[in-house]
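**Student:** Please see the structure below; I have some questions.
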Amino acid sequence: MTLVILIVRSTMNKNRQETLKKAALNYRQTLKKSLQRRLESARAEGNDKLIRQLEAEANYLHLN
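Okay, so the sequence shown: first residue is 1 according to the UniProt record's numbering, each after it adds one.
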């Protein structure tokens, strides 16, 4: 392989890794927002069981 091909592949791998990192971050942010909305709704309804479940979910996913 030539040096140019190796450089191009290296750049492509870095771009792919950066894209995957951004996607993972966006996914976690979306999960956190969804969980926060669900918690707000459960609190507004006074649903203590659901609140505990959602808090446990947040802890399990390390979103708090």
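Just so you know, even glycine gets a beta-carbon here, dropped at the ideal spot from N, CA and C.
#1: Starting from T30 and walking both ways along the alpha helix (DSSP H), at which residues does that stretch end?
#2: Quick one: using the 10 Å Cβ neighbour count with 16 as the cut-off for buried, is L54 buried or exposed?
#3: Roughly how many whole angstroms lie between the Cα atoms of L3 and L39?
#4: Output the distance between the C-alpha atoms of K14 and R28, rounded to the nearest integer angstrom.
#5: With L61 as the anchor, note down where its alpha helix (DSSP H) starts and where it stops.
**Tutor:** Once the coordinates are examined:
#1: L3 to E45
#2: buried
#3: Straight-line spacing of the CA atoms in L3 and L39 works out to 54 Å.
#4: 21 Å
#5: It is not in any alpha helix (DSSP H) - L61 carries neither H nor E in the DSSP assignment.
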